[in-house]
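Per full-length UniProt numbering, numbering of the sequence shown is gapless, rising by one per residue and ending at 248.
Each remark here refers to the structure printed beneath this line.
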Amino acid sequence: METLDVRGKDILIYSQNRFDRDDNFRIIYKREPVKQPKPIGYTEVCNIVKEPVAKNLIVYRLLSNDPQLDAYSTKYGFFLEIDGAVELIYFDPIYAIKDLPHLKFSKPVDQFRFKIQQVGLTNIGRGSNYTEIYSFDMRASEAKNQNDKIFALAVFALDPAFKDEESAAHDTENELGNLREESRTADVLNKPSVDKNKIDFKSERTDEKETFKIVKDNLSVFDLFKSTLKSEALEKRKKENIILKLGD
Numbered sequence: 001m002e003t004l005d006v007r008g009k010d011i012l013i014y015s016q017n018r019f020d021r022d023d024n025f026r027i028i029y030k031r032e033p034v035k036q037p038k039p040i041g042y043t044e045v046c047n048i049v050k051e052p053v054a055k056n057l058i059v060y061r062l063l064s065n066d067p068q069l070d071a072y073s074t075k076y077g078f079f080l081e082i083d084g085a086v087e088l089i090y091f092d093p094i095y096a097i098k099d100l101p102h103l104k105f106s107k108p109v110d111q112f113r114f115k116i117q118q119v120g121l122t123n124i125g126r127g128s129n130y131t132e133i134y135s136f137d138m139r140a141s142e143a144k145n146q147n148d149k150i151f152a153l154a155v156f157a158l159d160p161a162f163k164d165e166e167s168a169a170h171d172t173e174n175e176l177g178n179l180r181e182e183s184r185t186a187d188v189l190n191k192p193s194v195d196k197n198k199i200d201f202k203s204e205r206t207d208e209k210e211t212f213k214i215v216k217d218n219l220s221v222f223d224l225f226k227s228t229l230k231s232e233a234l235e236k237r238k239k240e241n242i243i244l245k246l247g248d
């Protein structure tokens, strides 16, 4: 996640594929003389996501073949308004995977099929509603090992003020080894149903013209996808259909 307020304290927050609410997230203050990642807790990340400030956000979406999946049984998810509809999302794919034992669904585990999608969102500061920019299905290996620190490293690659002395996050491959890709399935996978009236979104509206200017005047994480090669790769990923399952 990154804010796009050119007049204020711009920040960039990323997750590291650690199943730890206190030690998974790092924040970088873009305007500090030394840009060094610092720990930030899950609750504070949630509060920043809900703030009516222009920002870009990369999250993870769970789709399944179970229409009875109870989104409100989530333990590690977060409810976010996207294009006018409320969705269950996750700030890290490891949270989506670890949430599966807690989610209530009607299908037997051996028949349960699902997707984890990476989703790019933007918000120009008008309340809590985000607009989807892109999404694609993640492969099993990506879902198990995705580390969004790569976005921070790319954004600050040419910035001499960026200092990162932290070692890479631990490998979760052994912990999540039962995640597999399904070769084929006739099932239709959908988002879990969420009633917007059951979710409380409290936020203020900011000036629309001003926030549009902020977005236009500032470079962002999404600029990383705009080169010809990366754009072509993203379009290819959007067309892939990757179904996941739990099993040996």
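All C-beta atoms, glycine included, are put in the ideal place defined by N, C-alpha and C.
- Its Cα nearest to that of Gln68, the residue Phe105 stands out among Ile199, Lys163, Ile124, Phe105.
- Apart from the 5 residues on each side of it in sequence, Gly84 sits with its Cβ closer than 8 Å to the Cβ of Asn129 in its chain, given in chain order.
- Here the alpha carbon of Asn147 sits roughly 16 Å from the alpha carbon of Asp137.
- Here Asn197 is exposed. Its C-beta has fewer than 16 other C-beta atoms within 10 Å.
- When C-beta atoms of the stretch 97-115 are compared with those of the stretch 38-46, fewer than three pairs fall below 8 Å, so the two segments do not count as touching.
- Between Thr3 and Val53, the beta carbon gap of about 5 Å places them in contact (Cβ cut-off 8 Å).
- By the CB criterion at 7 Å, Ile116 and Glu182 fall outside the cutoff.
- Taking the Cα positions, Tyr60 is about 19 Å away from Asp195.
- Contact check for Ala71 against Leu88 passes: the beta carbons are separated by less than 7 Å.
- Look at Leu153 here: in three-state DSSP terms it is helix.
- Non-local beta-carbon contacts of Phe19 in its own chain, meaning distances under 6 Å to residues more than five positions away in sequence, involve Ile94, Lys98 in chain order.
- Looking at the DSSP output, Tyr29 shares a beta bridge with Ile11.
- In the structure shown, the three-state DSSP call for Arg113 is strand.
- In the DSSP annotation of this structure, the continuous segment of the beta strand (DSSP E) that includes Ala85 starts and ends at 85-90.
- Cβ contact annotation for Val109 (same chain, cutoff 7 Å, sequence separation greater than five): Leu246, in chain order.
- As the crow flies, the alpha-carbon of Val188 is around 6 Å from that of Asn65.
- When secondary structure is reduced to three states using DSSP, Thr43 falls in the helix class.
- Here Asp10 has Thr3, Lys30, Arg31 as same chain residues with Cβ atoms under 7 Å from its own Cβ, once five neighbours each way along the sequence are excluded.
- CA-to-CA, the gap between Lys55 and Met1 works out to about 7 Å.
- Each residue's CA atom was taken as its position, placing Tyr76 and Lys163 some 31 Å apart.
- Of the other Cβ atoms in all chains shown, 16 or more fall within 10 Å of the Cβ of Pro192; this residue is therefore buried.
- If you check the CB distance, Asp92 and Ser141 do not come in under 7 Å.
- Burial state of Gln118 is buried, judged by a 10 Å Cβ sphere holding 16 or more other Cβ atoms.
- Under DSSP, Ile82 shares a beta bridge with Ala85, Tyr130.
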